[in-house]
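Trainee: For what it's worth, my numbering labels the leading residue of the sequence shown as 3, then goes sequentially. Backbone N, C-alpha and C define an ideal beta-carbon position, used for all residues, glycine too. Remember, predicted model here, so these are calculated numbers, not experimental data. Quick one: structure below, then a few questions.
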Amino acid sequence: MTRRIIRRTPDADPAGLPESLSPLLRRIYAARGIQSADDIDYSLDKLLPLAELGGLDEAAVLLEATLVGQQRIVIVGDFDADGATSSALCMRALHAMGAKDVRYLVPNRFDYGYGLTPEIVAVAAEQRPDLIVTVDNGISSLTGVEAARQLGIRVLVTDHHLPGDSLPPADVIVNPNRPGDRFASKHLAGVGVAFYVMLALRARLREQGWFESQGIVEPNLGSLLDLVALGTVADVVPRDHNTRNLVQQGLQRIRAGRCVPGIRALLEVGRRSARRVVATDLGFAVGPRLNAAGRLDDMSLGIECLLTDSEAEARRMAAQLDGLNRERREIESGMQAQALTAIQRLHLDDRSLPTGLCLFDADWHQGVIGILASRIKEQFHRPVIAFAKAGDGELKGSARSVPGLHVRDALDAVATRQPGLITRFGGHAMAAGLTLAEHNFDIFADAFDAECRRHLSADDLNGTIQSDGELAGEELSLDAACQLRDAGPWGQGFPAPVFEGEFDVLGSRTVGECHLKMNLRPAAAGRGSIDAIAFNTPPLPAGCQRLRMVYRLDVNEYRGVESAQLVVEHIEGHHA
């Protein structure tokens, strides 16, 4: 697919940044709107205050009453990494604050679907809870919350997803995206919301003298920031200053060896160094292995891995999660091949594909359609919804979007124009989920494509790569790579630096079956060399002597020795 390379335009050199920063970092930060030292100050006292997040006081009062009365709390989480970290965080925090009867329940996506459904309430009710706390879900669970109320069970909803037209009749709702909420960080992940709720509870218990009266050492909830960092990175929420702060604090704890054994074990099976961990390690090594439990089996395995304090148990469960992730990759690879074959069978190309692409195969695995939609979206750069059978004549779809289309709003528009076509839906700007009757697939596919065409032009369907320009030969160094690695945490909304340039090919070979390893020399410099890796890239054509590439400058560690390495994002063309 054609890619346009657009250079970021830095603002004027920000005078408020420290003079000690290198010209390279000043340029990178300026291109991301960083104006002052405060913008890159990730100390804990720079987190947004509790008072600004609506519902926290009420949530703290409700939790305090439940805890003081030693009533039973059941946490109902989502079946992804954000839900797993949220569940583990609340379990650990509540136990540390003196709760003696706290349990968790995570719906199996294949049996109960997403959120606090009436069916999962019925399962929870068998445990006779006094309070249900939802984490990373609940804002769209109107019927489920009502079912709990009918059974006399109080409900605290903690969520970060966009609400619909109506809110659930919960006792308390904490959600920064609730209409009218003045919390500035609208991009908190579910685990971030749960962390704020636990902070509010601790403050309330401190005021009431609870810890002194019970002889409990007041817990340091900062010890849970490793879980907050993992859930935030894995959920790919945009990185505003507040979320960057939470991630950076968690990374620092992991590097210092102060993380839960489960995270350390998952890093080990992912062959990543805890001592040098960066956000991308959580996103590409830990998060997928944790998510594999919810996609293929039961997220309880992932939660237990994050709850255990035994290094041996953590390693055992991490190995199981690693095996599930390998199975997930195999399933995904087969599904992706099927999807591409189906597109080819229709004789469609980039120019004749629908603007909004809906794909369905009766044999696809329900737990992997989200990843499949992401892969197809990346290849064809247009909104994609992948569907799988959900039983009882229904399909479950997972949507991924591109800039220019708010996919949840698009689904809302389709549902408004054709009432009853979509059974239920929810999500964000870039990702959403939905359910519809199988016999409505073709009607929905046409309606979704029409809605996408209302918002996206042909130019919008050309993938773009934003570049931070070229690096001088002397900047292709280990020192510069270390500076860039440590200048994050990078992520959605605060992207890692990406550069472009021409390189002479000194040598190349295929490694790991499908990755292209190269030794390159900057064309402009005419001297020196640097290694590069291009993942999932075929060999270079015979006689290829020069490449124009878009790349990240990264740190590679091999047998304890660090060196600078280019991670290739895009190769523009081959030049003999």
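What's the C-alpha gap between N327 and E214?
Mentor: Going by the C-alpha atoms only, they are around 45 Å apart.
Trainee: Compute the Euclidean distance between the alpha carbons of S143 and E121, then round it to the nearest angstrom.
Mentor: Rounded to whole angstroms, S143 to E121 spans 11 Å at the Cα level.
Trainee: Residues in the same chain with beta-carbon distance under 7 Å from G372, minus the five sequence neighbours each way, listed in chain order, please.
Mentor: Contacts found: S400.
Trainee: Just the Cα atoms here: how many angstroms apart are S335 and A390?
Mentor: If I take the Cα positions, the gap works out to 15 Å.
Trainee: My output table needs one value for K48: the three-state DSSP class, helix, strand or coil.
Mentor: Helix at K48.
Trainee: Within 7 Å: the Cβ of F443 and any heavy atom of the ligand MN?
Mentor: Summarising the ligand content, the structure contains no ligands, and the ligand MN is consequently not present.
Trainee: Under a Cβ-count criterion, where at least 16 other Cβ atoms within 10 Å of its own Cβ denotes burial, should G56 be classed as buried or exposed?
Mentor: So G56 ends up on the buried side.
Trainee: So, are the CB atoms of H430 and L232 less than 8 Å apart?
Mentor: Result no, Cβ atoms of H430 and L232 do not sit closer than 8 Å.
Trainee: For M319 and E306, which I take to be in contact (beta-carbon distance under 8 Å), what is that distance rounded to the nearest angstrom?
Mentor: That belief holds up - the Cβ atoms of M319 and E306 are roughly 6 Å apart, short of 8 Å.
Trainee: Could you work out which residue in P524, A39 and H441 is closest to L478 when comparing CA atoms only?
Mentor: Comparing Cα positions, the closest option is P524.
Trainee: Could you compute how far the alpha carbon of L407 sits from the alpha carbon of A460?
Mentor: For L407 and A460, the distance between alpha carbons rounds to 13 Å.
Trainee: With 16 other CB atoms within 10 Å as the buried threshold, where does Q368 fall?
Mentor: Result: buried.
Trainee: At which residue ranges does the segment 12-95 contain complete alpha helix (DSSP H) runs of 4 or more residues, listed in the order of the chain?
Mentor: Entirely contained in the segment 12-95, the alpha helix (DSSP H) runs reaching 4 residues are, in chain order, 25-32 and 58-70.
Trainee: How long is the line joining the alpha carbons of R105 and V70, rounded to whole angstroms?
Mentor: Approximately 16 Å, taken between the alpha carbons.
Trainee: Please classify K398: is it buried, with 16 or more other beta-carbons within 10 angstroms of its beta-carbon, or exposed?
Mentor: K398 should be labelled buried.
Trainee: Within the chosen definition, does the segment 482-498 reach the segment 535-552 through at least 3 CB pairs nearer than 8 Å?
Mentor: At 8 Å Cβ cutoff, the stretches do not touch.
Trainee: Closer than 8 Å by C-beta to T119: which residues in its own chain qualify, once you throw out the five before and the five after it? Chain order, please.
Mentor: Only P109, S143, T145 and G146 meet the Cβ criterion.
Trainee: Within a Cβ cutoff of 8 Å, which residues of the same chain sit near F443, ignoring the five residues on either side of it in sequence?
Mentor: Contacts found: C360, F362, F389 and L397.
Trainee: Can you name the residues that DSSP bridges to P524?
Mentor: In the DSSP output, where bridge partners are listed per residue, P524 has F505.
Trainee: What separation, rounded to the nearest whole angstrom, lies between the Cα atoms of D462 and A127?
Mentor: Near 48 Å, if we compare the C-alpha coordinates of A127 and D462.
Trainee: List the DSSP bridge partners of N558.
Mentor: Beta-bridge pairing links N558 to S565.
Trainee: Once the 5 residues before and after A434 are set aside, which same chain residues still bring their CB inside 7 Å of it?
Mentor: Hits under 7 Å: A401, V409, R410, L413, F427 and G428.
Trainee: Tell me the start and end of each unbroken alpha helix (DSSP H) in the segment 348-393 that is at least 4 residues and wholly inside, in chain order.
Mentor: The segment 348-393 contains these whole alpha helix (DSSP H) runs: 371-382.
Trainee: Would you call the CB atoms of V137 and S89 closer than 8 Å?
Mentor: Closer than 8 Å, so yes.
Trainee: Taking a contact to mean a Cβ-Cβ separation below 8 Å, would you say I2 touches D470 in this structure?
Mentor: The chain is shown only over 3 to 578; residue 2 falls outside these bounds and no answer can be derived.
Trainee: Just verifying my parser: in three-state terms, what is the DSSP assignment at V230?
Mentor: Residue state, collapsed to three classes: helix.
Trainee: Tell me whether A578 sits in a helix, a strand or coil according to DSSP, three-state version.
Mentor: Bear in mind that the predicted position of A578 carries a pLDDT of just 48, short of 50, making it unreliable; the figure below should be weighed with that in mind. Coil at A578, not helix or strand.
Trainee: In the DSSP assignment, the beta strand (DSSP E) including S215 goes from what residue to what residue?
Mentor: S215 -> not in any beta strand (DSSP E); alpha helix (DSSP H) instead, spanning W212 to Q216.
Trainee: In angstroms with no decimal places, state the Cα-to-Cα distance between D161 and R529.
Mentor: Going by the C-alpha atoms only, they are around 54 Å apart.
Trainee: With G117 and G140 assumed to form a contact (beta carbons below 8 Å), what rounded beta-carbon distance in angstroms separates them?
Mentor: Yes, they are in contact, since the Cβ atoms of G117 and G140 sit about 6 Å apart, within 8 Å.
Trainee: Determine contact between the segment 67-81 and the segment 183-191, defined as no fewer than three beta-carbon pairs at a distance below 8 Å.
Mentor: Short answer: they don't touch.
Trainee: When you compare only the Cα positions, how much space is there between A61 and M200?
Mentor: Cα to Cα, A61 sits roughly 9 Å from M200.
Trainee: May I ask you to verify whether the segment 231-245 touches the segment 203-221, counting CB pairs closer than 8 Å and requiring at least 3?
Mentor: Output reads no: the segment 203-221 does not touch the segment 231-245.
Trainee: Have a look at the DSSP bridge pairing and note the partners of A534.
Mentor: Per DSSP, M520 and L568.
Trainee: Beta carbon of R291, beta carbon of D242: below 8 Å?
Mentor: Cβ distance not < 8 Å, so R291 and D242 don't count as in contact.
Trainee: Could you check the C-alpha separation between R274 and V157 for me, to the nearest Å?
Mentor: Each residue's Cα considered, the two are about 39 Å apart.
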